[in-house]
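Protein chains in written order, with this note's numbering: chain A, 2 to 287; chain B, 612 to 1016.
Don't be surprised by glycine CBs; every beta carbon is placed ideally from N, CA and C.
Every value quoted in this text rests on a predicted model; they were computed, and no experiment measured them.
Below: one structure, written as structure tokens.
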């Protein structure tokens, strides 16, 4: 029979298993080395946020939101975190925030240069496109198994899964932003004797910045959604009450966890979106 | 006159394997044939010309004639397929990357049709962009940029953003950005074409004024004949990637090399392009002035013999003295005044040679005889009759053989 679909004819499942096991057996030290910078960054930020008295955090939050956007966003942010605190989820929120910030930092460090390379090389852009598609569309849960095998469980493993999941938008939008810079402006820079790196840093990058910031915003939102799922592998944070509520059918606990996540997302979204608005419009307002 | 830029047999062919296109050109195929056969586009073919130091050299042609490609090969924004470009004797086409960048920073600046200003920089930062690129300190580059902005009258707008300015002002920023470099050569690619006509001629005047202060070598791309005539010391006419004629505006106007060049003048309003000397003709009788007695009678004889009503009196140096008519000669004789002076008609003002035709119409109307034209030394050049004037308006080009003695 050619079309016998009763049993798997292509043993891809066992291939994947063999492949991942092979990676785990032979490259675990390398993967542990990747873990190290993520762990340090995460612990540093988490420690700082947990240690800071809430009032200091709230004041800083207000100032950042006010400078980046306006006072309304500042007030909204302060109210949100006050509510989260009174709901008894302050610590979890700080952990989630630390995870999001670490994930975004690494996404930017890795993603922006990749985006720049993609904008300059058609071949590179073509070759990473399917990879980016896969990173974005693979169901979040599927990441978790190999991540646990390679990095074991815990917050750091959760952040690594988050980095992989939320990196594509910043790569895509950096690439797009640089490609969208008007050609005549680039030509003018060439005519005035600019080198390739001067064109990148003095013309293309500043003009692409609003688009890159839109990518940052997307990345941040994606990482927030992934950070919650990462609670499944013991990442902690706001995903934990949701996960716990699901396991023990405590709908109230899941509810306040969910509400906190939504509010946190809104605050982060407003602040990061405001960062993307071009500098000149802000200058005019000031 | 020193040769500033020398272009020798420059070719540009776009597409894969442009060298194969060169071979086809050698075989004598034209642009369309080569495209049909190979898919290659011939941008510029066999362009050779010389630009002298301090002149405004206009490259003129319709869109698609290759003029923008040509100017971009001078600073190698587009790499030539074959041929050479020399600047002060140095071969630009053979320069390595480093000297090419150096040349762009210090010797050649460019002004673009689309202005191509940086939207994220202020007017001052835009004007100092080139200096910033070449690594000049902040204070010095802003000083020089300010100076350049002052030259184009935009000093008060230094802190504005380009998009807050009108098109004409934006192009002044583009011009200031180029001037701040203090370049030997200014490349202007349809620099004023995006501006409305009034602003355009204002900018042309501005450019001419700047040329008076510091004589730069300007290579100006244009598709507008009026513009070319107005600002060009010499004009190169391009068609289908080829340079078909190079010459002063006058030379090209009077002896267009082919139909294509001629066709440019069809839509041109001749009254703005030609001046009195272009239409003046020696069709009238001239009378030699002398003090002696009996001159009016001799003059009258001459006029009658030639069946003319008017005579134009000139002296030994061919300087214009005045106009006499059969009537004025007869009445002078009747009054017993026997010199030509007495017979000269009153209120005859000769027209200077450089007067544009536009202004001549009124003068031609005022007199019942053809108007005399003189040069700056008052030497008689000929006359403009109503008929000849109208014919010029109709034909768009003056009849040949004009104005030469």
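Outcome for residue i when other beta-carbon atoms lying within 10 angstroms are tallied against a minimum of 16
| i | result |
| --- | --- |
| residue 998 of chain B | exposed |
| residue 248 of chain A | exposed |
| residue 775 of chain B | exposed |
| residue 833 of chain B | buried |
| residue 629 of chain B | buried |
| residue 280 of chain A | Below a pLDDT of 50, predicted positions are generally treated as unreliable, and residue 280 of chain A, at 49, falls in that range; no measurement from the model is reported. |
| residue 100 of chain A | buried |
| residue 205 of chain A | buried |
| residue 52 of chain A | exposed |
| residue 87 of chain A | exposed |
| residue 642 of chain B | buried |
| residue 737 of chain B | buried |
| residue 841 of chain B | buried |
| residue 948 of chain B | exposed |
Residue i: contacting residues in chain B (beta-carbon distance under 7 Å)
| i | result |
| --- | --- |
| residue 196 of chain A | 712 |
| residue 192 of chain A | 686, 688, 715, 721 |
Proximal chain A residues relative to residue i, where beta-carbon distance stays under 8 Å
| i | result |
| --- | --- |
| residue 627 of chain B | In chain order: nothing, as chain A lies at least about 16 Å away. |
Span separating the alpha-carbon of residue i from that of residue j
| i | j | result |
| --- | --- | --- |
| residue 637 of chain B | residue 652 of chain B | 15 Å |
| residue 259 of chain A | residue 239 of chain A | 8 Å |
| residue 720 of chain B | residue 796 of chain B | 7 Å |
| residue 791 of chain B | residue 201 of chain A | 23 Å |
| residue 928 of chain B | residue 917 of chain B | 23 Å |
| residue 726 of chain B | residue 685 of chain B | 19 Å |
| residue 145 of chain A | residue 173 of chain A | 24 Å |
| residue 614 of chain B | residue 870 of chain B | 30 Å |
| residue 282 of chain A | residue 274 of chain A | In this prediction, residue 282 of chain A scores a pLDDT of 47, lower than 50, which makes its location untrustworthy; the coordinate-derived value is nonetheless stated afterwards. Each residue's Cα considered, the two are about 14 Å apart. |
| residue 754 of chain B | residue 188 of chain A | 25 Å |
| residue 1021 of chain B | residue 788 of chain B | This structure cannot speak to residue 1021 of chain B, because chain B is shown only from 612 to 1016. |
| residue 646 of chain B | residue 633 of chain B | 12 Å |
| residue 912 of chain B | residue 939 of chain B | 13 Å |
| residue 215 of chain A | residue 277 of chain A | 6 Å |
| residue 665 of chain B | residue 828 of chain B | 4 Å |
| residue 132 of chain A | residue 157 of chain A | 23 Å |
| residue 675 of chain B | residue 874 of chain B | 16 Å |
C-beta neighbour in chain A for residue i, strict 9 Å
| i | result |
| --- | --- |
| residue 976 of chain B | no |
| residue 622 of chain B | no |
| residue 717 of chain B | yes |
| residue 654 of chain B | no |
| residue 740 of chain B | yes |
| residue 792 of chain B | yes |
| residue 811 of chain B | no |
| residue 752 of chain B | no |
| residue 797 of chain B | no |
| residue 827 of chain B | no |
| residue 788 of chain B | yes |
Interface residues of chain A facing residue i [CB-CB closer than 7 Å]
| i | result |
| --- | --- |
| residue 723 of chain B | 185, 189 |
| residue 745 of chain B | 194 |
Short CB-CB distance (under 9 Å) between residue i and chain B
| i | result |
| --- | --- |
| residue 204 of chain A | yes |
| residue 199 of chain A | yes |
| residue 279 of chain A | Any answer about residue 279 of chain A is weak, because its pLDDT of 49 lies below 50 and its placement is not dependable; what the coordinates show is given next. Yes, contact with chain B. |
Neighbour list for residue i in chain B, Cβ cutoff strictly below 8 Å
| i | result |
| --- | --- |
| residue 208 of chain A | 729, 730, 731 |
Closer than 8 Å: residue i CB and nearest the ligand ZN heavy atom
| i | result |
| --- | --- |
| residue 261 of chain A | Annotation note on the ligand ZN: not contained in the displayed structure, which lists no ligands. |
CB contact check: residue i to chain C, cutoff 9 Å
| i | result |
| --- | --- |
| residue 821 of chain B | Reference to chain C is not applicable here, since the protein chains of this structure are A and B. |
- request: Let me know the alpha helix (DSSP H) ranges lying completely inside the stretch 796-840 of chain B, each 4 residues or longer, listed in chain order.
  value: Here the runs fully enclosed are 808-824.
Any alpha helix (DSSP H) of 4 or more consecutive residues that is wholly inside the stretch 49-100 of chain A: The stretch 49-100 of chain A is shown to contain whole alpha helix (DSSP H) runs of 4 or more residues at 55-69, 72-87, in chain order.
Entirely enclosed beta strand (DSSP E) segments - the stretch 837-872 of chain B, minimum 3 residues: Listed in chain order, the beta strand (DSSP E) elements of length 3 or more contained wholly in the stretch 837-872 of chain B are 845-850, 853-858.
message: Which complete beta strand (DSSP E) runs does the stretch 689-734 of chain B hold, if anything under 3 residues is left out?
response: Those beta strand (DSSP E) runs which fall completely within the stretch 689-734 of chain B and span 3+ residues are 693-698, 719-722.
- request: With a floor of 4 residues, list each alpha helix (DSSP H) that falls wholly inside the stretch 91-148 of chain A, ordered by position along the chain.
  value: The qualifying runs are 91-121, 123-138.
task: Let me know the beta strand (DSSP E) ranges lying completely inside the stretch 964-1009 of chain B, each 3 residues or longer, listed in chain order.
output: The stretch 964-1009 of chain B contains these whole beta strand (DSSP E) runs: 982-985, 991-995.
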